[in-house]
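Have a look at the structure below before the remarks.
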Amino acid sequence: MYPERGTRADICLAHLQHNIEVFKKRHQGPLIGVVKADAYGHGLARVTDTLKACDALAVATIEEAIQLRTYIPDKRIVLLEGVFNQTELELAIEQNFDLVIHQFYQLDLLMNATVSQPTVAVWLKVDTGMHRLGFDWDDYRQVLSQLQQAKMVSEIRLMAHFAQSDQPENQQTRQQMARHQILQNHGVEVSFSNTGAVLNGLSTAGEWARVGLGLYGISPLSDQFAADFNLKPVMQLSAKLIAIKTVKQGEAVGYSAQFTCPRDMPVGIVGMGYADGYPWSPDHSHVVIRGQRAAVVGRVSMDMLAVDLSVVSQPQIGEPVEIWGGRQPVEQVAADLHTIPYALVCGITGRVKFHVIDPN
Ligand SMILES: *Cc1c(COP(=O)(O)O)cnc(C)c1O
1 MYPERGTRAD
11 ICLAHLQHNI
21 EVFKKRHQGP
31 LIGVVKADAY
41 GHGLARVTDT
51 LKACDALAVA
61 TIEEAIQLRT
71 YIPDKRIVLL
81 EGVFNQTELE
91 LAIEQNFDLV
101 IHQFYQLDLL
111 MNATVSQPTV
121 AVWLKVDTGM
131 HRLGFDWDDY
141 RQVLSQLQQA
151 KMVSEIRLMA
161 HFAQSDQPEN
171 QQTRQQMARH
181 QILQNHGVEV
191 SFSNTGAVLN
201 GLSTAGEWAR
211 VGLGLYGISP
221 LSDQFAADFN
231 LKPVMQLSAK
241 LIAIKTVKQG
251 EAVGYSAQFT
261 CPRDMPVGIV
271 GMGYADGYPW
281 SPDHSHVVIR
291 GQRAAVVGRV
301 SMDMLAVDLS
311 VVSQPQIGEP
321 VEIWGGRQPV
331 EQVAADLHTI
341 PYALVCGITG
351 RVKFHVIDPN
């Protein structure tokens, strides 16, 4: 038997369950589990059963919602960008998706829907300062009253989104908070907070918090890792050492000779490259081998990366290499590579083999 390449992502459902509990304790109110982008790269099919413990789930696209509906026939599913045309609207009504409405074209689509029963639950999105989606501050009251009179609308909630939930003291955040306060005076339920807002204590009691990244055991805050909030990483990404060599002082490793060995040194080749989702970057991070952090050296290639094995005693071919997970949080790798953990977990490609660690 030859050793397998062994590039894999382990998904720990016990950690997911634990993280849901952490957020339920932190936030006094309903919890929307955000599972867009294939559950932030963790696999929608793998995590949905555990995430049923949330009060609702949210996705970005109609395709994601349709897939999700097959796993959860009865649970509330929120379409975060709403629908884009009549076909999607009809599908959404048929499959009982909650619709975000953030532009007048979506209001028109809804008003022209051929349903007379109050069947559609809508989340009216208000732009309180993010300036991405949402009706302008001067327009939303008019839209709200139109929706309140619309015959097809069964439920209305108000939604907004923080631009800098990682900066609770910031001027923009304060201004958004003031507007959110006003939005709470309309006598309808509201939803403002993402992971960063909940972790920073910005969420309002009773609101529907929309939590994505944190559920997967990852912190969006630049100065605090998930462990600081007692959150546990759901994904453990690992590969194996597929080659070991000693490279002489002055010799370069990898494409374009971007790393020159300062001394004779052991170099390990890991079966993890940018085609697996490890970013090609001018910056460098570390991997963990036998509990030791080993520096990535030279350019990341399509299928491999090289590491300095000097810190590892007697490394063997086939040795497991943690890319991120329990010993090195993905937040650390993101910081080293000047990217964000969201992009790293969403970037894992279909070549990586997934395994579910299920406590049940
Ligand atoms: C993705 C998303 C969220 C979740 O954000 P996290 O930082 O992952 O918690 C919340 N609200 C909206 C509108 C989103 O698009």
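Number 40 in the working numbering belongs to position 40 of the sequence shown; there are no gaps in the numbering. Glycine included, each C-beta is placed from N, C-alpha and C at the ideal position.
Extent of the continuous beta strand (DSSP E) run through residue i
i: threonine 246; result: 235-247
i: lysine 36; result: Unbroken run through lysine 36 is the alpha helix (DSSP H), 36-40; no beta strand (DSSP E).
i: leucine 57; result: 56-59
Closer than 7 Å: residue i CB and nearest ligand 1 heavy atom
i: asparagine 194; result: yes
i: leucine 80; result: yes
i: glycine 134; result: no
i: valine 211; result: yes
i: glycine 214; result: yes
i: histidine 180; result: no
i: histidine 161; result: yes
i: lysine 36; result: yes
i: proline 30; result: no
i: proline 282; result: no
i: proline 329; result: no
i: proline 220; result: yes
Under 8 Å between C-beta atoms of residue i and residue j
i: isoleucine 348; j: glycine 41; result: yes
i: glutamate 319; j: glutamine 328; result: no
i: valine 311; j: alanine 9; result: no
i: methionine 111; j: alanine 56; result: no
i: glutamine 176; j: phenylalanine 162; result: yes
i: leucine 241; j: glycine 201; result: no
i: asparagine 19; j: leucine 199; result: no
i: proline 220; j: threonine 195; result: yes
i: phenylalanine 97; j: leucine 79; result: yes
i: histidine 102; j: phenylalanine 135; result: yes
i: alanine 58; j: alanine 37; result: no
i: alanine 275; j: methionine 235; result: no
Proximal residues to residue i (C-beta, below 7 Å), its chain only, five neighbours per side dropped
i: leucine 305; result: Val270, Met272, Gly273, Tyr278 and Val296
i: aspartate 358; result: Leu13
i: valine 115; result: Ile93 and Met152
i: glutamate 189; result: Arg157 and Trp208
i: leucine 31; result: Phe23, Lys24, Cys54, Asp55, Ala209 and Val211
Where the alpha helix (DSSP H) containing residue i begins and where it ends
i: aspartate 10; result: Counting along the chain, aspartate 10 falls outside any alpha helix (DSSP H), though it belongs to the beta strand (DSSP E) covering 8-12.
i: phenylalanine 104; result: 104-111
i: aspartate 49; result: 44-51
i: isoleucine 323; result: Looking at the DSSP string, isoleucine 323 is not in any alpha helix (DSSP H); the run it does join, the beta strand (DSSP E), is 320-324.
i: serine 145; result: 140-149
i: histidine 180; result: 171-183
i: glutamate 90; result: 86-94
Same chain, Cβ closer than 6 Å to residue i, neighbours up to 5 away in sequence not counted
i: glutamine 106; result: Gly82
i: tyrosine 140; result: Val126
i: arginine 263; result: Gln249
i: cysteine 261; result: Val247, Gln249 and Glu251
i: histidine 27; result: Val198, Ser203 and Ala209
Contact set for residue i: own chain, Cβ-Cβ below 8 Å, skip 5 residues either direction
i: histidine 338; result: Ser281 and Asp283
i: alanine 227; result: Pro329
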